[in-house]
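Chemist:
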Amino acid sequence: MADRYFEVNKINVRYGDIQVLWDIEFTADKGEIVALVGSNGAGKSTTVKSCAGLIRPFQGNIRLDGHDLTGAACRTFIDHGVILVPEGRQLFPSMTIYENLEMGASSKAAKAAKKDTIERIYNWFPKLKDRKNQLAGTLSGGEQQMLAIGRALMAKPRVLLLDEPSLGLAPIIINEIFKELTEVNRQLGMTILIVEQNARKALQLSHRAYVIQTGKIMMEGKSDDLLHNPEIEEAYLGGKKK
Ligand code: ATP
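Residue 55 is where the sequence shown starts when you use our numbering, and the numbers rise one by one after that.
#1: Given 8 Å as the limit, is there contact between the stretch 217 to 227 and the stretch 251 to 268, that is, 3 or more CB pairs closer than that?
#2: Buried or exposed, going by whether 16 or more other CB atoms sit within 10 Å of the CB of K142?
#3: Do you know offhand how far A159's Cα is from Q113's?
#4: DSSP beta-bridge partners for N115?
#5: With respect to 7 Å, is the separation between the Cβ of Y290 and the closest non-hydrogen atom of the ligand ATP below this value?
#6: Can you tell me which of the three DSSP states G275 falls into?
#7: Taking 8 Å as the threshold (C-beta atoms), are R117 and A79 in contact?
#8: From this set, K165, Y290, N283, H261, which residue's C-alpha is nearest A89's C-alpha?
#9: Helix, strand or coil, according to DSSP, for F131 in the structure here?
#10: For E288, does the count of other Cβ atoms within 10 angstroms reach 16, so buried, or fall short, so exposed?
#11: How would you label G196, buried or exposed, when you count the other beta carbons within 10 angstroms and need 16 or more for buried?
#12: Beta carbon of E95: closer than 7 Å to some heavy atom of the ligand ATP?
#13: Consult DSSP for K296 and reduce its assignment to one of helix, strand or coil.
#14: Does the Cβ-Cβ distance between G92 and Q267 come in under 8 Å?
#15: Are there 16 or more other CB atoms within 10 angstroms of the CB of G191, so buried, or fewer, so exposed?
#16: Identify every residue that forms a DSSP beta bridge with Q73.
#17: Is DSSP giving I266 helix, strand or coil here?
#18: Return yes when the Cβ of L247 is within less than 8 Å of the Cβ of A202, no when it is not.
#19: Taking the alpha-carbon positions, what's the C128 to I286 distance?
#20: Quick check: what's the CA-CA separation for N94 versus A256?
#21: Throw me the rounded Cβ distance for the L207 and I175 pair, which I believe falls under 8 Å.
#22: Considering only DSSP beta bridges, list what H121 is partnered with.
#23: Would the beta-carbon of V213 fall within 8 Å of that of G120?
#24: Which residue or residues does DSSP assign as beta-bridge partners of L143?
#25: Which term fits N187, buried or exposed, when burial requires 16 or more other beta carbons within 10 angstroms of its beta carbon?
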């Protein structure tokens, strides 16, 4: 059993006077894919933004490999290798694919490895290679999501955070992207935390998962078990089907 690598301990978050997360607690081991699933407004984005240092919980802490990152600037999270693929992708639309990828290599080590990392990304997502000189703003939604993931990988993450990567994409494209995320995890042993409304896909991709409901963790377990849990099937998987 690997060490507890990434730990979120009882974080509480509020926007103004309104509390939206209550004692959210979960872990991800090194090389593990962990999913956080839940419906609209459950608090998934707030949780993942807290994990990236974009939101500061008023209570609780976030630790990576023994380092307490709680309250640190977003830049510190990036320096420790906690890299977010944001909801909505947030690419540079008037820059090419290649230029967007280059922007992701922010640290000295990432810059030094830039060429190799780009080649690996092109292997996982050949569409990015074929279109490397195309402007990001002219890409399809699926290609933009691939580029957003590629740009995050350029930073050489220790923990890759993904906020709703399937949003707005056709099932076939979601499958393509999730298959390559499995490859990234397998080849690099990278820890991945994925936040998804598409519970079925997220549970198929991940090793373990947590269910979040109105700002609280309601259930956790092996993803395979949750996929076959009648309560989860009913509430998040649209009833029993394959
Ligand atoms: P979705 O899938 O719709 O993005 P989510 O599970 O990611 O949902 P959050 O976006 O984290 O949920 O929102 C959790 C709660 O916090 C919701 O009630 C939402 O209205 C509220 N909220 C989110 N962002 C803000 C904000 N900037 N100011 C005030 N309230 C917010």
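We put the CB at the ideal spot given by N, CA and C, even for glycine.
Modeler: Answer, in terms of the structure:
#1: Counting C-beta pairs with one atom in each stretch, the stretch 217 to 227 and the stretch 251 to 268 have three or more that are closer than 8 Å, which means they touch.
#2: Indexing the sequence shown from 1 puts residue 142 at position 88. As written in the sequence, residue 142 is Gly, which differs from the Lys given in the question. Result: exposed.
#3: Working through the sequence shown from its first residue, we reach residue 159 at position 105. Working through the sequence shown from its first residue, we reach residue 113 at position 59. Straight-line measurement puts the Cα of Q113 at about 32 Å from the Cα of A159.
#4: The sequence position of residue 115 within the sequence shown is 61, counting from 1. DSSP output for N115 lists N63 as bridge partner(s).
#5: Translated into the one-based positions of the sequence shown, residue 290 becomes position 236. Every heavy atom of the ligand ATP is 7 Å or more from the Cβ of Y290, so no.
#6: Locating residue 275 in the sequence shown gives position 221, where the first residue counts as 1. Strand, per DSSP.
#7: Position 25 of the sequence shown, counted from the start, is the residue given in the question as residue 79. Position 63 of the sequence shown, counted from the start, is the residue given in the question as residue 117. For the record, residue 79 in the displayed sequence is Glu; it is not Ala. Their beta carbons are not under 8 Å apart, which means E79 does not touch R117 by this criterion.
#8: Along the sequence shown, read from residue 1 onward, the residue named residue 89 stands at position 35. Here the closest residue by C-alpha is H261.
#9: Sequence index remark: in the sequence shown, residue 131 carries index 77 (1-based). If DSSP states are grouped into helix, strand and coil, F131 belongs with the helices.
#10: As a working mapping, residue 288 is identified with position 234 in the sequence shown. By the 10 Å Cβ count, E288 comes out exposed.
#11: Taking the sequence shown and counting its residues from 1, the one referred to as residue 196 is at position 142. Burial is judged here by how many other beta carbons sit within 10 angstroms of a residue's own beta carbon; G196 has at least 16 and is buried.
#12: Within the sequence shown, the letter at position 41 stands for residue 95. The amino acid occupying residue 95 in the given sequence is Gly; Glu does not appear at that position. G95: yes, Cβ under 7 Å from the ligand ATP.
#13: Against the sequence shown, residue 296 aligns to sequence position 242. Bear in mind that a pLDDT of 48 at K296, under 50, signals an unreliable position, so the number given afterwards is only what the model happens to contain. Looking at K296 - three-state DSSP - the assignment turns out to be coil, as it is neither helix nor strand.
#14: The count along the sequence shown starts at 1 and reaches residue 92 at position 38. The count along the sequence shown starts at 1 and reaches residue 267 at position 213. Closer than 8 Å, so yes.
#15: Taking the sequence shown and counting its residues from 1, one reaches residue 191 at position 137. When all chains shown are included, G191 counts as exposed.
#16: Translated into positions along the sequence shown, residue 73 becomes position 19. According to DSSP, which records beta bridges pairwise, Q73 is partnered with R68.
#17: Along the sequence shown, read from residue 1 onward, the residue named residue 266 stands at position 212. It is a strand residue.
#18: Here residue 202 corresponds to residue number 148 of the sequence shown, with the count starting at 1. Here residue 247 corresponds to residue number 193 of the sequence shown, with the count starting at 1. No, the pair does not count as a contact, with Cβ atoms beyond the cut-off.
#19: Reading the sequence shown from its first residue, position 74 is the one you call residue 128. Reading the sequence shown from its first residue, position 232 is the one you call residue 286. Cα-Cα distance, rounded: 34 Å.
#20: Stepping through the sequence shown from its first residue, residue 94 is reached at position 40. Stepping through the sequence shown from its first residue, residue 256 is reached at position 202. Between N94 and A256, the C-alpha separation is close to 15 Å.
#21: Start at 1 with the first residue of the sequence shown, and residue 207 comes out as number 153. Start at 1 with the first residue of the sequence shown, and residue 175 comes out as number 121. Sure, about 6 Å apart at Cβ, within 8 Å.
#22: Here the question's residue 121 lines up with position 67 in the sequence shown. Beta-bridge pairing links H121 to L118.
#23: Locating residue 213 in the sequence shown gives position 159, counting from the first residue. Locating residue 120 in the sequence shown gives position 66, counting from the first residue. Not a contact, by the Cβ cut-off of 8 Å.
#24: To locate residue 143, count along the sequence shown from 1; it is residue 89. One point to set straight first is that residue 143 is Arg, not Leu, in the sequence displayed. As far as DSSP is concerned, R143 takes part in no beta bridge.
#25: Within the sequence shown, numbered from 1, the residue matching residue 187 stands at position 133. Classification for N187: exposed.
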